Every structure is written in structure tokens, then in C-alpha cells.
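Visitor:
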Amino acid sequence: MLPQFFRTVLRNKNVTGIRYYAKNNNPLEKTLNIITKDIPSYFGSKDKSIVYPEHTDIVIIGGGYIGSAVAYWLKKRAADGLSVVVLEKDFSYRHTQNSVSLGTLNQHFSLPENIELAKYSVEFLRNIHVHLGYDVDIQYIPTGALTLASEQYAERMEQNVTILNELGVKNILLTPSEIQQKYPWINTHDVKLGCMSTEAEGTFNTWALLRSMVTQSRELGATYVNGEVVGFDLEKQKDVLMEGVSPGGYERINKVIYKTEDQEEHSLKFAICILAAGSDSGHIARMAKIGTGENILSIPLPIEERTSDIYSIQDKAVETGLRTPLVLDTTGLWLMRNGLGSNLLCGALPLMKDDSNNMSKTEYLENIIKPSLINRFPMCINDELEKFNTDKYDCNTFDNSGIIGPHPYHNNLILATGFGKLGCQHAPGIGRAVSELVIDSQYTTIDLTRFGFDRLLIDERSIEFNVY
23 MLPQFFRTVL RNKNVTGIRY YAKNNNPLEK TLNIITKDIP SYFGSKDKSI VYPEHTDIVI
83 IGGGYIGSAV AYWLKKRAAD GLSVVVLEKD FSYRHTQNSV SLGTLNQHFS LPENIELAKY
143 SVEFLRNIHV HLGYDVDIQY IPTGALTLAS EQYAERMEQN VTILNELGVK NILLTPSEIQ
203 QKYPWINTHD VKLGCMSTEA EGTFNTWALL RSMVTQSREL GATYVNGEVV GFDLEKQKDV
263 LMEGVSPGGY ERINKVIYKT EDQEEHSLKF AICILAAGSD SGHIARMAKI GTGENILSIP
323 LPIEERTSDI YSIQDKAVET GLRTPLVLDT TGLWLMRNGL GSNLLCGALP LMKDDSNNMS
383 KTEYLENIIK PSLINRFPMC INDELEKFNT DKYDCNTFDN SGIIGPHPYH NNLILATGFG
443 KLGCQHAPGI GRAVSELVID SQYTTIDLTR FGFDRLLIDE RSIEFNVY
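Per our numbering, the sequence shown starts with residue 23, numbered consecutively.
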């Protein structure tokens, strides 16, 4: 028998030009495996062997916040009526564990879709024990959120507040003097207006949310597989006619190919694929010829990875207190309390035009972060900023808003990606929306049609107009 190394090399498609899959068991072996696994399980024994499924109704690529939320809602609604497999390449979730303190719940948006998703997140987190179990503790702290607007964007803030009020989000407008009275440590000399939520905004532990969502999805019957997607199998659908595609030329994705830790490739046949792979989504979409084909397939899925540094500040003057809200500055800077002490965290919100990639980390800190921080929070002038973490997120470079819904060519591929830093907060509503597309064939709660891929075809952007 050849050593594992040589077998792996010979099975590499780039070496031989032929794709090999791990050998599947014959029907008799499958039956024996089921019996030998089910009987110990019935008596409480846990079998540690790994089973790689060969077919499923739904495959979800990406087991993060959004992918696991989709799995949860599909199994909660359909139970055993749908088989669900989640493919996740980072099974340890090591990147997620670095962000345990950075979950924010904010409802100040201009797009109704984002507002409705945020409202549902509030409802979901309030009832999290019902959804995810009574032992779940996401450490929610109702700090509130204060959004500041300069003279230039004061009118935009008033428009946003009108939309918020129409959609039932409780908030109040504050003058600079009112802000100063509530938070004397905030410099308001260049602030025209502030908007303060009166309920349901604060911070929570994102890792606790993800961990409990994965656990509950598994308990409901979803299968999680540690594997990295390396391709798709496509089959001709001669009976399908589509504009721009020659008769008999339509190809449907029907299998996903993934690689396990031991470098074995496996194929998984599916009816519907959900692409929720975060910043990897654009790369995986290209495996299905999205962005490399003709006509509709010539338009790529414009998802890229972005990073932003988060800094820790020790408020030596101890001017902030337990009532310190999440503050969103006119410049895009944000500041929040970290724990019960005097430690603060700050960073910059992603903007449509991001010039940070043209700067070094030091230049970005000195030229962007520090001037904005000292201007708005003068008590920090002598405080040292230490790097706390680097946040990684997916960015839709088309308009910075998420993409959700079926792909116009691959009608059995549903996208749920590009939500950036809102992905964690919006995950409960996004997961529910995708389950509606699968089970009901339409949105039945929040209509997210405007966030569909079709807007890329007609060059119509869904831009979140912030006040900075």
C-alpha cells in the first residue's frame, strides 16, 4: 500500500488532471456502520469516528454566525423534513473567539431592511433562552447607543430618525448642550445633533451567541463537517431554457467538493446550497463559474476580506462610568466600554471609500484614530492606545450592504454574505429569511428583496447612508 503522502499527491487534481473522491462504503457496509453507531449511542456511548455524508437536502457553506443561524432556522422549522449539512473550514472558530467583547446591538440605520433586521435581533436576544436554551448567557449589557452628527449630516440624521420612528424604534434627538449635560466628557463643539436610543441597544458576547447557536443547530439535527470547499460538480440540464444561454447549455451545480484535514476530497450531493462563507464567498462563487463565465455568470460576487484594528484605552481620569453608551462619532470613530472597570475600546467603522489600505498600521493610528479620539474625548489625550484585536469581516465592495437571495443563474444557490460587521448582529434575522426562501419560496417576515444579487445586474446600489 502506498504511504499516505504519495496517495495524497496522486489524488491531487492539479498533478494528475483527474479528481478523485474518498471511497464510499457499499450498501452493506453502510448498514453495518449505522447499526454499530446507533446502538452505542442508544446506551449513551459516544462514537468518535467521523462520518462524511454523501448527500443532503441542504448544504450550508460556512458555519459562522449567518451559516449557523440558517442551520438553526431550517432545522427548527422543518425538523427531520430536511437534512442539513454545514461545511466549516475553521472548526475551532479561532478567529471568532478573539471578538468575545465586541458584539454590539445598534438600530440606527437608514435602510428599512437593516432597521427591521436589527429590531428582530433585539427580539431574538430577549428570548434567547427560548430559542437556544436556558443555560445560554450572552452577557448582554444595555448601554444604549449615541450617534453624533456634524452640521453637514444633521439633516440626514433627522431623516434617519423619521424612518426609525415610522418603524417603531424608540429614540430621541439631543442638542449639543443636552449631550454635554448627560455626558460631560464628550466634546460637542463641532456636533450639531445627537440621536440616543431609549431601549434595546448595547453590547453582548458574540462567542457565546455563536457557540450556543452551533450547539442548538446540532441538537436539532444539523450535521457539521470540518472541511474546506475546493470545487463544485456541474451537470447539464438540457430541458432548462435561460436567456443568454444556448439551448441545452445550462449547467446546474449539484455536488460540492470539499477537502478534509487529512487532505482527502469528498463529494456531497445536494438539492440547495447556501453560500454563507463570509470573506471566502467570492472565491467559492468563482468555483461555480460566477464571475468567470458568460452573460450573467460574467458578474462576480464582489465579496472581499477587510480588516480593522481595535484599540484598548485605560481611562486614567475615570470620567466615563457604567452609563457610558456605545458612541458613534461624526468621523466614523466608535468608542465603547469594556467590562465593569475603566477600560475602553475604540476603532473606526468601515466607510464606502476606505483609504486605510494605503496606510501603514502606524499611520492609520496616528492620522485617523488618534485625532478623532482626542477631539471627541479630550480626557484620552494622555492615555496610551494598545492594540486589542484585529477584526476581520466580509465586505461587499459594490455598495457595502449584504447580499441575500437566490443567484439569477444558479437557482439552487442562495447567497447570504457581505453583511460585514453587521453579520453577527443581523444573523438571527438573516437565518430566518433564508429558511423562508427554502421552505416558503418567498420572504414572509422581513422583505429583503432589495438586498438580492439582481441589483448588481442593473447597477442599483442599496447604500446605508450614515451620518459620518
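All residues carry an ideal CB built from backbone N, CA and C; glycine is no exception.
A quick note: this is a predicted structure, and the numbers were derived from the prediction, not measured.
What three-state label does DSSP hand Asn433 in the structure shown?
Guide: Residue mapping note: residue 433 aligns to position 411 of the sequence shown, counting from 1. Residue state, collapsed to three classes: coil.
Visitor: Could you check which residue in Ile335, Ser114, Ala171 and Ile201 has the C-alpha nearest to that of Lys409?
Guide: As a working mapping, residue 409 is identified with position 387 in the sequence shown. Closest option to Lys409, Cα to Cα, is Ile335.
Visitor: What are the uninterrupted segments assigned as beta strand (DSSP E) that are 3 or more residues long and contained completely in the region 134-191, given in chain order?
Guide: Fully enclosed beta strand (DSSP E) runs of 3 or longer: 167-171.
Visitor: Should Asn187 be labelled buried (16 or more other beta-carbon atoms within 10 Å of its own) or exposed?
Guide: Within the sequence shown, the letter at position 165 stands for residue 187. Exposed is the call here.
Visitor: I need the straight-line Cα distance from Thr53 to Tyr246, nearest angstrom please.
Guide: Position 31 of the sequence shown, counting from 1, holds the residue named residue 53. Position 224 of the sequence shown, counting from 1, holds the residue named residue 246. With a pLDDT of 48 at Thr53, under the threshold of 50, the modelled position of this residue cannot be trusted; read the value that follows with caution. C-alpha separation (whole angstroms): 21 Å.
Visitor: Write down the C-beta distance between Lys277 and Leu290 rounded to the nearest angstrom, noting that I regard them as a contact closer than 8 Å.
Guide: If you number the sequence shown from 1, residue 277 lands on position 255. If you number the sequence shown from 1, residue 290 lands on position 268. Yes, they are in contact, since the Cβ atoms of Lys277 and Leu290 sit about 6 Å apart, within 8 Å.
Visitor: Does DSSP put Val236 in a helix, a strand or coil?
Guide: As a working mapping, residue 236 is identified with position 214 in the sequence shown. The answer is helix: DSSP assigns Val236 an H, G or I state.
Visitor: Ile332: buried (16+ other C-beta within 10 angstroms of its C-beta) or exposed?
Guide: Counting from 1 along the sequence shown, the entry for residue 332 is found at position 310. Result: buried.
Visitor: Quick check: what's the CA-CA separation for Leu437 versus Asn209?
Guide: The count along the sequence shown starts at 1 and reaches residue 437 at position 415. The count along the sequence shown starts at 1 and reaches residue 209 at position 187. Taking the straight line joining both Cα atoms gives about 43 Å.
Visitor: Please tell me whether Leu215 and Ala171 are closer than 7 Å, where the distance is taken between their beta carbons.
Guide: To locate residue 215, count along the sequence shown from 1; it is residue 193. To locate residue 171, count along the sequence shown from 1; it is residue 149. The answer is yes: Cβ separation under 7 Å.
Visitor: In angstroms, rounded to a whole number, what distance separates the CA positions of Ile485 and Ala93?
Guide: In the sequence shown, the residue the question calls residue 485 occupies position 463. In the sequence shown, the residue the question calls residue 93 occupies position 71. Each residue's Cα considered, the two are about 28 Å apart.
Visitor: What first and last residue would you give for the alpha helix (DSSP H) that runs through Val460?
Guide: As a working mapping, residue 460 is identified with position 438 in the sequence shown. Note, Val460: alpha helix (DSSP H), Gly445 to Ile461.
Visitor: Quick one, which of Gly271, Glu250, Gln202 and Glu135 has its alpha-carbon nearest Ile82's?
Guide: For the purposes of this step, residue 82 is identified with residue 60 of the sequence shown, where counting begins at 1. Among Gly271, Glu250, Gln202 and Glu135, the Cα nearest to that of Ile82 is on Glu250.
Visitor: State buried or exposed for His448, treating a residue as buried only when at least 16 other CB atoms are found within 10 Å of its CB.
Guide: Against the sequence shown, residue 448 aligns to sequence position 426. Flag for His448 reads buried.
Visitor: Any idea if Gln238 is buried or exposed, counting beta-carbon neighbours within 10 angstroms, 16 or more meaning buried?
Guide: Indexing the sequence shown from 1 puts residue 238 at position 216. Buried.
Visitor: With distance defined between alpha-carbon atoms, name the residue in Gly445, Glu341 and Gly451 nearest to Ile403.
Guide: Along the sequence shown, one-based indexing puts residue 403 at 381. Out of Gly445, Glu341 and Gly451, Glu341 has the C-alpha closest to the C-alpha of Ile403.
Visitor: Name the DSSP bridge partner or partners of His77?
Guide: In the sequence shown, residue 77 corresponds to position 55, counting from 1. His77 is bridged to Lys291.
Visitor: Kindly indicate which residue of Ile72, Ser320 and Ala91 has the alpha-carbon position closest to the one of Glu458.
Guide: Along the sequence shown, read from residue 1 onward, the residue named residue 458 stands at position 436. Checked all of Ile72, Ser320 and Ala91; the closest Cα to Glu458 is Ala91.
Visitor: Rounding to the nearest angstrom, what Cα-Cα distance links Met309 and Leu256 in this structure?
Guide: Mapped onto the sequence shown, residue 309 falls at position 287. Mapped onto the sequence shown, residue 256 falls at position 234. Distance between the alpha carbons of Met309 and Leu256: 10 Å.
Visitor: Out of Ile325, Thr353, Met358 and Leu195, point me to the one whose CA is closest to Ala298's CA.
Guide: Taking the sequence shown and counting its residues from 1, the one referred to as residue 298 is at position 276. Of the candidates Ile325, Thr353, Met358 and Leu195, the one whose C-alpha sits nearest the C-alpha of Ala298 is Ile325.
Visitor: On the three-state DSSP scale, how would you describe Trp207?
Guide: The residue given as residue 207 occupies position 185 in the sequence shown. In the structure shown, Trp207 sits in coil (DSSP, three-state: anything other than H, G, I, E or B).
Visitor: At which residues does the beta strand (DSSP E) containing Val252 begin and terminate?
Guide: Along the sequence shown, read from residue 1 onward, the residue named residue 252 stands at position 230. Counting along the chain, the beta strand (DSSP E) containing Val252 begins and ends at Glu250 to Lys258.
Visitor: Which same chain residues end up closer than 7 Å to Ser67 when comparing Cβ atoms and leaving out the 5 residues on each side of it in sequence?
Guide: For the purposes of this step, residue 67 is identified with residue 45 of the sequence shown, where counting begins at 1. With a pLDDT of only 34 at Ser67, under 50, the local geometry of the prediction cannot be trusted, and the value read off the model is given with reservation. The answer is none, since no qualifying residue turns up.
Visitor: State the DSSP-derived secondary structure class of Thr471, mapped to helix, strand or coil.
Guide: Looking up residue 471 in the sequence shown gives position 449. Correct three-state label for Thr471: helix.
Visitor: Provide the residue(s) that pair with Phe226 in DSSP beta bridges, ordered along the chain.
Guide: Here residue 226 corresponds to residue number 204 of the sequence shown, with the count starting at 1. Its beta-bridge partners are Gly125.
Visitor: Should Leu96 be labelled buried (16 or more other beta-carbon atoms within 10 Å of its own) or exposed?
Guide: Here residue 96 corresponds to residue number 74 of the sequence shown, with the count starting at 1. Under this definition Leu96 is a buried residue.
Visitor: With 7 Å set as the bound, which would you pick, yes or no: does the beta-carbon of Arg454 sit closer than that to a beta-carbon of chain B?
Guide: Annotation note: the requested chain B is absent from the structure, which comprises a single protein chain.
Visitor: From Gln259 to Gly315, what distance separates their C-alpha atoms?
Guide: Within the sequence shown, the letter at position 237 stands for residue 259. Within the sequence shown, the letter at position 293 stands for residue 315. Whole-angstrom Cα-Cα distance: 17 Å.
Visitor: Suppose only complete runs of 4+ residues qualify. What are the alpha helix (DSSP H) ranges in the region 312-391, listed by chain order?
Guide: Counting only runs of 4 or more, we get 383-386.
Visitor: According to DSSP, is Arg274 helix, strand or coil?
Guide: The sequence position of residue 274 within the sequence shown is 252, counting from 1. In this structure, Arg274 counts as strand in the three-state DSSP scheme.
Visitor: Count the other CB atoms, across all protein chains shown, that sit within 10 Å of the CB of Val107; report buried if there are 16 or more and exposed otherwise.
Guide: Counted from its first residue, the sequence shown places residue 107 at position 85. With 16 or more other Cβ atoms within 10 Å, it is buried.
Visitor: Distance check for Trp207 and Pro400, CA to CA, integer angstroms please.
Guide: As a first step, residue 400 is located in the sequence shown; it is residue number 378 there, counting from the start. As a first step, residue 207 is located in the sequence shown; it is residue number 185 there, counting from the start. Rounded to the nearest angstrom, the two C-alpha atoms are 7 Å apart.
Visitor: Which residue or residues does DSSP assign as beta-bridge partners of Gly216?
Guide: Position 194 of the sequence shown, counted from the first residue, corresponds to residue 216. According to DSSP, which records beta bridges pairwise, Gly216 is partnered with Leu170 and Leu196.
Visitor: Quick one: using the 10 Å Cβ neighbour count with 16 as the cut-off for buried, is Val152 buried or exposed?
Guide: Locating residue 152 in the sequence shown gives position 130, where the first residue counts as 1. Classification of Val152: exposed, given that the 10 Å Cβ count is below 16.
Visitor: How would you write the range of the alpha helix (DSSP H) that Val92 sits in, first residue to last?
Guide: Here residue 92 is taken as the residue at index 70 of the sequence shown, counted from 1. Run containing Val92: Tyr87 to Ala100, per the alpha helix (DSSP H) assignment.
Visitor: Might you give, ordered along the chain, the residues of its own chain that have their beta carbon closer than 6 Å to the beta carbon of Leu139, omitting 5 neighbours on each side?
Guide: Numbered from 1 along the sequence shown, position 117 holds the residue referred to as residue 139. Same-chain partners within the cutoff: His448 and Gly451.
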